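**Q** First the structure, then my questions, so here it is.
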Amino acid sequence: TYGHSERVTYFAKEIGQRLNLPRQDLQLLEYGAFLHDIGKLEISREILNKKDGLLEEDWNIIRQHPQWGAEILKSVASLKPAIPMVLYHHENYDGTGYPFGLKGDEIPLFARILRVADSFDAIVSNRPYSSPMAQEEALKELARCSGSQYDPQIVAVFLEVMKSIKLY
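Going by the working numbering, the first residue of the sequence shown is number 1, and it counts up by one from there.
Given below as structure tokens:
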């Protein structure tokens with residue numbers, strides 16, 4: 001949703017600023033963050049809004065959205081640099097993510113940033129198939145999954161960012 005994209009963009013930019021990324025990189029990170037789920041345009045509303053749990057076949061469709069998003073961005077020359085963020089934002093640090101099972105530094109930095117920002121917002125937001133988690137619990141979950149799902153350096157930076165922010 002638009003609100004999710006806005007929040008992910010905000011969190012990603014905050015992480016990028018804490019990492020002292022150059023202004024041009026921050027701008028690219030913002031574009032990629034805002035567009036990270038554009039591939040979901042290819043998924044039926046029926047699946048995206050399912051309340052009673054997703055079937056394995058639904059998950060198989062949803063897991064294709066990073067690739068669909070990359071395809072969409074290929075048609076806009078100025079957005080091509082954002083393709084790796086969109087394509088790899090569901091890769092896990094330990095190699096268990098999708099679509100390619102990349103691990104560690106094989107995953108571009110900006111995609112590792114998006115992985116944390118996107119996951120946090122998903123965890124604390126009301127979704128058709130899950131209730132939101134309290135902010136403190138969500139931060140504990142990110143810390144628990146640091147090194148497996150998430151880059152430990154990015155999680156550490158995000159936890160620092162969140163010490164000064166109370167959103168939910």
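The beta carbon of each residue, even a glycine, is placed where N, CA and C say it ideally should be.
Because the structure is a prediction, the values reported are computed rather than measured.
Considering only residues of the same chain and omitting the five flanking positions on each side of valine 157, which have a CB-CB separation below 7 Å?
**A** For this step, residue 157 is matched to residue 157 along the sequence shown. Taken in chain order, the residues that qualify are Ile15, Arg18 and Leu19.
**Q** Using a Cβ-Cβ cutoff of less than 7 Å, which residues in the same chain neighbour serine 125 once the five nearest sequence positions on both sides are dropped?
**A** In the sequence shown, residue 125 corresponds to position 125, counting from 1. Counting only Cβ-Cβ distances below 7 Å, and skipping sequence neighbours, we find His4 and Pro132.
**Q** Is it true that the CB of glutamine 64 sits closer than 9 Å to the CB of glycine 39?
**A** In the sequence shown, the residue the question calls residue 39 occupies position 39. In the sequence shown, the residue the question calls residue 64 occupies position 64. Cβ atoms of glycine 39 and glutamine 64: closer than 9 Å.
**Q** Excluding the 5 residues flanking phenylalanine 11 on each side, which residues of the same chain have their C-beta closer than 6 Å to its C-beta?
**A** Working through the sequence shown from its first residue, we reach residue 11 at position 11. Contacts found: Ala117.
**Q** Tyrosine 150: which of Leu79, Leu114, Ser44 and Pro128 sits nearest, CA to CA?
**A** What you label residue 150 is simply residue 150 of the sequence shown in a count that begins at 1. The shortest C-alpha separation from tyrosine 150 is found at Leu114.
**Q** In three-state terms, what does DSSP make of serine 146?
**A** Numbered from its first residue, the sequence shown carries residue 146 at position 146. In this structure, serine 146 counts as strand in the three-state DSSP scheme.
**Q** Do proline 108 and tyrosine 88 have their C-beta atoms within less than 9 Å of each other?
**A** Position 108 of the sequence shown, counted from the first residue, corresponds to residue 108. Position 88 of the sequence shown, counted from the first residue, corresponds to residue 88. For proline 108 and tyrosine 88, yes; Cβs fall inside 9 Å.
**Q** My output table needs one value for serine 5: the three-state DSSP class, helix, strand or coil.
**A** For the purposes of this step, residue 5 is identified with residue 5 of the sequence shown, where counting begins at 1. Three-state result, serine 5: helix.
**Q** Just to confirm my understanding: we take lysine 13, look at its own chain, exclude 5 residues before and 5 after, and list those with CB closer than 8 Å. What are they?
**A** Sequence index remark: in the sequence shown, residue 13 carries index 13 (1-based). So the qualifying residues of the chain are Leu26, Leu29, Glu30 and Ala33.
**Q** Considering only residues of the stretch 36 to 79, which uninterrupted beta strand (DSSP E) runs meet the minimum length of 3 residues and lie entirely inside it, listed in chain order?
**A** Taking only runs of at least 3 residues, no beta strand (DSSP E) segment lies wholly in the stretch 36 to 79.
**Q** Look up arginine 127 in the DSSP assignment and give the residues it is bridged to.
**A** As a first step, residue 127 must be located in the sequence shown, where it is residue number 127. Ser130, per the DSSP bridge assignment.
**Q** Here's the rule I'm using: 16 or more other beta-carbon atoms within 10 Å means buried, otherwise exposed. How should glutamate 136 be labelled?
**A** Your numbering for residue 136 matches position 136 in the sequence shown. It is exposed - the Cβ of glutamate 136 has fewer than 16 other Cβ atoms within 10 Å.
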